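K.L.:
Below are the structure tokens for one structure; questions will follow.
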Amino acid sequence: MKIQINGRWYEAREGEMVLDVLRREGIDVPALCAHEAVEPYGACRLCMVEITHEDWGGWKGNVTSCLYPVEDKLIVQTHTEDIIELRKTVLNLLLARCPNSPEIQKLASEYGIDTTSFVPREDADNCIMCGLCTRVCTQMGFNAISVAGRGYGREIATPLKEAPPDCVGCLACVKICPTHHIQYEDIGTTREIWGRQFELVKCKQCGKALITREFADYLIENRDIPADYFDICDDCKRSGTARDFKKLVHWEEKEEAEEEVSA
Amino acid sequence: MKIDSPDKLNAWKEECLQKDAKLKKKVMVCFGPGCLAAGCREIYAKFEEILAERKLGDITLESFKKTGCHGLCEKGPLVVIEPEGIFYNRVRTSQVKDIVEKTLAKGEIIERLLYKNPKTKERVLKYHDIDFYKKQTRLALRNLGHIDPDNIEDYVMRDGYQSVAKVLTGMTPEEVIDEVKLSGIRGRGGGGFPAGRKWATCRGVESDVRYVICNGDEGDPGAFMDRSIMEGDPHSVLEGMIVASYAVGARDAYIYVREEYPLAVQHLYQAIDDAKEHGFLGENIMGTDFSLDIHISRGGGAFVCGESSALMKSVAGEVGEPRAKYIHSVVKGLWDKPTVLNNVETFANIPLIMNKGGDWFRSIGTEKSTGTKAFSLVGKVENTGLIEVPMGTTLREIIYDIGGGIKDGRKFKAVQTGGPSGGCLPEDKLDLPVDFDTLTKAGSMMGSGGMIVMDDHTCMVDVAKYFLKFLVDESCGKDVPCREGLYQLHKMVVKVTEGKASEADLQLMEHLSKYIIMGSLCGLGKSGPNPFLSTVRYFRDEYLAHIIDKKCPGGVCRDLIRFEINDKCTGCTACIAPCPVDAITGEKDKIHILDQEKCTKCGACYAVCQFDAIDII
Ligand SMILES: Cc1cc2nc3c(=O)[nH]c(=O)nc-3n(C[C@H](O)[C@H](O)[C@H](O)COP(=O)(O)O)c2cc1C
Ligand code: SF4
Ligand code: SF4
Ligand code: SF4
Ligand code: FES
Chain A
3 MKIQINGRWY
13 EAREGEMVLD
23 VLRREGIDVP
33 ALCAHEAVEP
43 YGACRLCMVE
53 ITHEDWGGWK
63 GNVTSCLYPV
73 EDKLIVQTHT
83 EDIIELRKTV
93 LNLLLARCPN
103 SPEIQKLASE
113 YGIDTTSFVP
123 REDADNCIMC
133 GLCTRVCTQM
143 GFNAISVAGR
153 GYGREIATPL
163 KEAPPDCVGC
173 LACVKICPTH
183 HIQYEDIGTT
193 REIWGRQFEL
203 VKCKQCGKAL
213 ITREFADYLI
223 ENRDIPADYF
233 DICDDCKRSG
243 TARDFKKLVH
253 WEEKEEAEEE
263 VSA
Chain B
10 MKIDSPDKLN
20 AWKEECLQKD
30 AKLKKKVMVC
40 FGPGCLAAGC
50 REIYAKFEEI
60 LAERKLGDIT
70 LESFKKTGCH
80 GLCEKGPLVV
90 IEPEGIFYNR
100 VRTSQVKDIV
110 EKTLAKGEII
120 ERLLYKNPKT
130 KERVLKYHDI
140 DFYKKQTRLA
150 LRNLGHIDPD
160 NIEDYVMRDG
170 YQSVAKVLTG
180 MTPEEVIDEV
190 KLSGIRGRGG
200 GGFPAGRKWA
210 TCRGVESDVR
220 YVICNGDEGD
230 PGAFMDRSIM
240 EGDPHSVLEG
250 MIVASYAVGA
260 RDAYIYVREE
270 YPLAVQHLYQ
280 AIDDAKEHGF
290 LGENIMGTDF
300 SLDIHISRGG
310 GAFVCGESSA
320 LMKSVAGEVG
330 EPRAKYIHSV
340 VKGLWDKPTV
350 LNNVETFANI
360 PLIMNKGGDW
370 FRSIGTEKST
380 GTKAFSLVGK
390 VENTGLIEVP
400 MGTTLREIIY
410 DIGGGIKDGR
420 KFKAVQTGGP
430 SGGCLPEDKL
440 DLPVDFDTLT
450 KAGSMMGSGG
460 MIVMDDHTCM
470 VDVAKYFLKF
480 LVDESCGKDV
490 PCREGLYQLH
500 KMVVKVTEGK
510 ASEADLQLME
520 HLSKYIIMGS
530 LCGLGKSGPN
540 PFLSTVRYFR
550 DEYLAHIIDK
560 KCPGGVCRDL
570 IRFEINDKCT
580 GCTACIAPCP
590 VDAITGEKDK
600 IHILDQEKCT
610 KCGACYAVCQ
620 FDAIDII
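Protein chains in written order, with the numbering used here: chain A, 3 to 265; chain B, 10 to 626.
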């Protein structure tokens, strides 16, 4: 099927969301709470676009593109005056919530907003409440962290605000966070995240510590991975393969040389 | 006893009527929310106590009924004596003996217990002669106050379950839907969506399973229509749901009841048990192959749980948080199955529509808003309580005829309809007919039926502040415009009440409001700025008075007012003690002095002064 975006026609596939097409085609629409790893959520409202269709009798509406499924001949406008104004308002509000976040500052200034018109949050942190971290954690099967509270006081929290018993220290939440809000620290062979400490598995060859015991065990148990898979780290595995490969190549070279000699 | 045919139902109804006719007198003690708060349990216990000691001829304990809300909650506890319809209000336990000895034993009327018309100051003997009731048309509330909600026989006697018999044995689901469409009934929970169309869509979706849900979340502060129906006439809700389930093809239905309504839950459970026992629920209802179970689901406790997508998540056991609905829940609702969600009051109307026909229903109300609407009328009116009027009744009729006008002879200022995210309408809108479209056009909304009347001692900016605060606290916080936007909007309204806002702020507030509405995910955010927008639309001068003149015309905003003692002061000393900070000094019979430095503007002195000697400036 085809959909029209800002006057041009693009190919779209059944089951895709409008944002998927926008991203594939490199059309610049900000979207802070959508990520291909998790289900769309519709919280930041930045990805809003205007849609209409020739069969809709002139009806137009604004929808979040991350949640709107494509349909044939859908007509999309990504930068109407109202939508730009909405994005400005959202960014203006986010800048009040997270005045110190470089990512939000940058995005806001792209929309011409350098200082917020609103009252900045006291003791502000960099969490924009996009919910990506909790969703990815759930998607991974851990459910270690969740959204707590409501309204302006909503926050990402661990159960009872203590070290989360179900966390395996996989860092998926850290990596997905668009504002780098979630902190973790690896010191020697321990990792600390969400107030919990993990022992890291050391590579039997190089001694580097890379993955937590809990996460390794989880993967071995649930993802059909050999029990000794994490004994040796990826780097060592790679260099091991390289060494073997080299041997193989050299062995062929040696054979060739021997053949030459014998000839 | 299983009722498995219309004939059996009619025979049972006849039996119940005869049994009832044997009761020479009935004493209806109101157990509605208002009367419960006013102490009706003690009244009832007192009757029991006296009856245990004293024989009263034909009148036995069976003659005493705990009923649902009579409506005139302001005047509770209420006791109505049938068949005469003698209406006693503000009954105290010490007066119960008198009621028994005089009225029940000798038929004497106790004057001082009768309702007093606030205008004419005359006592009114009978229920239906009270202005409050005269102008009402009670359809959804038809049984409230007339039956014991825990007694299915009371319900059957008043045509209960007739529509189930009629529909199941004589109508196809399509015919039921057509009748509902014909009636024109629109959802009573806020949105006003035509119920017939919703049912038809649901039935039309290809699916092996469909659900029906009743929305009894009623999160609006101060509203108690749905609560009163669930508590006072639970069978009417079940009956409506049975018809709906038959029409759309549901095998299971749910009632989602607000956590804070334990009595409603109790009565609904009782009603479900009784309905099951008599074959109105369960397998093969009315001897047909239609079967249905109704389950109760306790609410998640948050206002936003009343929103359809959040409610369905909550019923399914997940966190009640709205989701974007580009696929409507009629198509993909509870557990992703086609689902009809309707409000308590909507369901309570269905049996009447089935029994009397869609044409009859649409003859009441206006063309586009048919039937009646229940409201909880509260605030500065003489008669507060639960009312029901035909759609199209004017605000003036509701406030002045039914409500008895503004309390204490003050002046009307505004009426707020539509719950927390509704709007405030000024005096020149009083002649507007109350229907879905007119209210929306005027910048307010029908909502689920809250109606708050305000007098001239109200500050409209303060009102906006109050409702916005409620919404800020109740926003689930998922999306940015609602979570951050309403928070900032509330902050700015507070700034106005402190006299610190500028005209530029006012513009920013209007701009922000527009994009909160456009950007929010669910109805809460989409209507969230309404308290501000409707007050600024009709009372802009009042905002400007705060901003430019630094004055609060309503005399409410503490930072902008000052209390002063004028020369009407008689030196009565009444205001000296109530002042918590000892700001008032003075000798008896001499004009008192108020120390502005000390005064915290709490208004305690103003409240006690009998001589109008304290001005708010
Ligand atoms: C924030 C929010 C709260 C709501 N609360 C209620 C409620 O308490 N009761 C209710 O019946 N409908 C409520 N609604 C409306 C429901 O979403 C839904 O439209 C209604 O239950 C449908 O029934 P009806 O068509 O019979 O009115 C609410 C909507 C929103 C957006
Ligand atoms: S590190 Fe812990 S909280 Fe973060 S995604 Fe992994 S399991 Fe979840
Ligand atoms: S911590 Fe990061 S990923 Fe999680 S909600 Fe906050 S901003 Fe989003
Ligand atoms: S509009 Fe408000 S209440 Fe509704 S989903 Fe968004 S944040 Fe939650
Ligand atoms: S990316 Fe669509 S709402 Fe955030």
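No residue lacks a Cβ here, since even glycine has one placed at the ideal position from N, Cα and C.
All of these numbers come straight from a predicted model, not from anything done at the bench.
(1) Quick check on V31 of chain A - is its C-beta less than 8 Å from some C-beta in chain B?
(2) Following a CB-centred definition, is R48 of chain A positioned closer than 7 Å to any heavy atom of ligand 5?
(3) Does the Cβ-Cβ distance between F232 of chain A and Q497 of chain B come in under 8 Å?
(4) How about S192 of chain B: is its C-beta nearer than 8 Å to some C-beta of chain A?
(5) Quick one: is G66 of chain B buried, meaning 16 or more other Cβ sit within 10 Å of its Cβ, or exposed?
(6) What ranges does the beta strand (DSSP E) occupy inside the stretch 557-596 of chain B, keeping only unbroken runs of at least 3 residues that lie completely in it?
(7) For W307 of chain A, report the span of its beta strand (DSSP E) as first-last.
(8) Please tell me whether S119 of chain A has its Cβ less than 8 Å away from any Cβ of chain B.
(9) How would you list, in chain order, the residues of chain B whose beta-carbon sits under 7 Å from the beta-carbon of D84 of chain A?
(10) Between the stretch 510-522 of chain B and the stretch 311-325 of chain B, can you find at least three pairs of beta-carbon atoms closer than 8 Å?
(11) May I ask you to verify whether the stretch 163-176 of chain A touches the stretch 115-132 of chain A, counting CB pairs closer than 8 Å and requiring at least 3?
(12) Got a sec, what are the start and stop residues for the alpha helix (DSSP H) L448 of chain B sits in?
(13) Got a sec, what are the start and stop residues for the alpha helix (DSSP H) S529 of chain B sits in?
(14) What do you reckon, is the C-beta of L97 of chain A under 7 Å from a heavy atom of ligand 5?
(15) By Cβ distance below 8 Å, which residues in the same chain neighbour C25 of chain B in space, the five residues on each side in sequence not counted?
(16) Identify the contact partners of S484 of chain B in chain A, using a Cβ-Cβ distance below 9 Å as the criterion.
(17) Could you pull the DSSP bridge partners for M460 of chain B from this structure?
(18) Quick check: is any heavy atom of ligand 5 less than 7 Å from the C-beta of C238 of chain A?
(19) Would the beta-carbon of M321 of chain B fall within 8 Å of that of S338 of chain B?
(20) Under 7 Å: does the beta carbon of T192 of chain A sit that close to some heavy atom of ligand 5?
(21) Just to make sure I have the definition right: I need the residues of chain B whose C-beta is within less than 8 Å of the C-beta of Y304 of chain A. Which are they?
(22) If we ignore side chains and look at the alpha-carbon of each, how far apart do S216 of chain B and K346 of chain B end up?
(23) Sort A:G151, A:P104, A:K210 and A:G143 by Cα distance to R492 of chain B and report the nearest one.
(24) Quick one: measure Cβ to Cβ for C433 of chain B and V472 of chain B, integer angstroms, because I've assumed they're closer than 8 Å.
(25) If you draw a straight line from the alpha carbon of E330 of chain B to that of S430 of chain B, how long is it in whole angstroms?
(26) Give the interface partners of V40 of chain A over in chain B, defined as CB-CB distance under 7 Å, in chain order.
(27) On the DSSP letters alone, give me the boundaries of the alpha helix (DSSP H) that L480 of chain B sits inside.
(28) With a cut-off of 8 Å on the beta carbons, I'd call C82 of chain B and T393 of chain B a contact; round off their distance for me.
(29) Quick one: grab the DSSP three-state call for P243 of chain B.
(30) What residues from the stretch 84-99 of chain A come within 8 Å of chain B, judged by C-beta to C-beta, listed N to C?
(31) Quick test of your reading: C175 of chain A and C135 of chain A, contact by CB under 8 Å. State the CB separation rounded to the nearest angstrom.
(32) Residues in its own chain within less than 7 Å of I213 of chain A by CB, not counting five upstream and five downstream?
(33) Could you tell me whether the Cβ of K487 of chain B comes closer than 8 Å to any Cβ of chain A?
(34) Do you know whose CA, among B:P86, B:S192 and B:S385, lies nearest V100 of chain B's CA?
(35) Short of 8 Å Cβ to Cβ, which residues in the stretch 116-148 of chain A face chain B?
(36) Should H135 of chain B and I95 of chain B be called a contact, given that it needs their Cβ atoms to be closer than 8 Å?
P.N.:
Reading off the structure:
(1) no
(2) According to the sequence displayed, residue 48 of chain A carries Leu and not Arg. Yes.
(3) no
(4) no
(5) exposed
(6) 572-574
(7) Nothing about residue 307 of chain A can be read from this structure; chain A reaches only from 3 to 265.
(8) yes
(9) M527
(10) no
(11) no
(12) F445 to K450
(13) That residue, S529 of chain B, is in no alpha helix (DSSP H); it is neither H nor E in DSSP.
(14) no
(15) E162, D163, V165 and M166
(16) R152, G153, Y154 and R156
(17) B:L386 and B:T426
(18) no
(19) yes
(20) no
(21) Not covered by the structure: residue 304 of chain A. The range shown for chain A is 3 to 265.
(22) 7 Å
(23) A:G151
(24) 6 Å
(25) 18 Å
(26) Per Cβ cutoff of 7 Å: no residues; V40 of chain A is ~14 Å from chain B at best.
(27) M469 to E483
(28) 6 Å
(29) helix
(30) D84, E87, L88, T91, V92, L95, L96, A98 and R99
(31) 4 Å
(32) L202, V203 and F232
(33) yes
(34) B:P86
(35) S119, F120, V121, I130, M131 and G133
(36) According to the sequence shown, residue 135 of chain B is Lys rather than His. Closer than 8 Å, so yes.
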